[in-house]
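Residue numbers (the numbering used here), protein chains in the order written: chain A, 46 to 153; chain B, 312 to 423.
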């Protein structure tokens, strides 16, 4: 089977940095992805890590440690528009298994 | 470039009725996926097409759900007969490479 664990909610201040963690248990792991979803919107692809290490894309970075079955999404210089739900997802065979999502609240 | 589109955006039907959802993937994407998110729960995989073939339909809840992808282009997901627990948001996604998926806006289905 497979499961992903991530915090249900995180609160941070505008302009700050926040890290959203994700641990997973899955067989046949091929990579860890992150998606952003605003209320009422569709999930939007943010990043994908197939190998250990840090991937940086602008204000967002994603990290993976396969030996620890752990990854995180790092958001820097938080903006109010970053308020959304963030999902980690593992690629297993040809399907993607999503976590339950972390709701990010940003305070002015 | 046009993104993934889905129709309708909302559908309200009565228990026992039939509903057909449509997804038009990004042109050139061979991979097409259907997902469902029931309120308060995670996004769950339903099935995966590669062109017109079903690659994996292990997430389909039961035989009331039928997905097709005519000619490897658009896809339809039919629910017949609909039950109350089928309510949720149905997302379609397409991908050129199986790990970077582009989602459509979803169809919000309400079964009353």
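All C-beta atoms, glycine included, are put in the ideal place defined by N, C-alpha and C.
Whether residue i touches residue j by CB criterion (9 Å)
| i | j | result |
| --- | --- | --- |
| residue 80 of chain A | residue 135 of chain A | no |
| residue 397 of chain B | residue 372 of chain B | yes |
| residue 118 of chain A | residue 152 of chain A | no |
| residue 382 of chain B | residue 363 of chain B | yes |
| residue 49 of chain A | residue 140 of chain A | no |
Whole-angstrom C-beta distance between residue j and residue i, which should lie under 8 Å
| i | j | result |
| --- | --- | --- |
| residue 317 of chain B | residue 423 of chain B | Not really, about 21 Å apart at Cβ, beyond 8 Å. |
| residue 315 of chain B | residue 337 of chain B | 6 Å |
| residue 414 of chain B | residue 129 of chain A | Actually they do not touch by this definition, with Cβ atoms about 13 Å apart. |
| residue 94 of chain A | residue 101 of chain A | Actually they are not in contact, since the Cβ atoms of residue 94 of chain A and residue 101 of chain A sit about 11 Å apart, beyond 8 Å. |
| residue 76 of chain A | residue 410 of chain B | 6 Å |
Residues of its chain near residue i, where Cβ-Cβ distance is below 6 Å and the 5 sequence neighbours each way are ignored
| i | result |
| --- | --- |
| residue 147 of chain A | 51, 52, 55, 65 and 131 |
| residue 348 of chain B | 354, 399 and 400 |
| residue 62 of chain A | 121 |
| residue 407 of chain B | 340 |
| residue 328 of chain B | 393 |
| residue 335 of chain B | 316 and 385 |
| residue 107 of chain A | 79, 92, 94, 100 and 118 |
| residue 344 of chain B | 359 and 404 |
Buried or exposed (CB count within 10 angstroms, at least 16 for buried), residue i
| i | result |
| --- | --- |
| residue 96 of chain A | exposed |
| residue 405 of chain B | buried |
| residue 388 of chain B | buried |
| residue 390 of chain B | buried |
| residue 83 of chain A | exposed |
| residue 78 of chain A | buried |
| residue 112 of chain A | exposed |
| residue 116 of chain A | buried |
Other residues of its chain near residue i: CB distance less than 7 Å, five sequence neighbours each side excluded
| i | result |
| --- | --- |
| residue 122 of chain A | 60 and 104 |
| residue 127 of chain A | 120, 149 and 151 |
| residue 370 of chain B | 355, 356, 357 and 358 |
| residue 420 of chain B | 322, 330, 397, 398, 399 and 401 |
Residues near residue i in its chain [Cβ-Cβ closer than 8 Å; skip 5 each side]
| i | result |
| --- | --- |
| residue 125 of chain A | 59, 151 and 153 |
| residue 326 of chain B | 392, 393, 394, 395, 422 and 423 |
| residue 137 of chain A | 47, 71, 72, 73, 74 and 75 |
Residues in the region 78 to 90 of chain A with C-beta within 9 Å of chain B's C-beta atoms, listed in sequence order?
78, 80, 82, 85, 86, 87, 88, 89 and 90
With 7 Å as the limit, tell me which residues of the region 390 to 413 of chain B have their beta carbon closer than that to any beta carbon of chain A; keep them in chain order.
402, 409, 410, 411, 412 and 413
Could you list the residues in the region 127 to 142 of chain A with a C-beta less than 9 Å from some C-beta on chain E, going in chain order?
Annotation note: the requested chain E is absent from the structure, which comprises protein chains A and B.
Just by C-beta distance, which residues in the region 357 to 383 of chain B are closer than 9 Å to chain A?
358, 359, 361, 366, 367, 369 and 370
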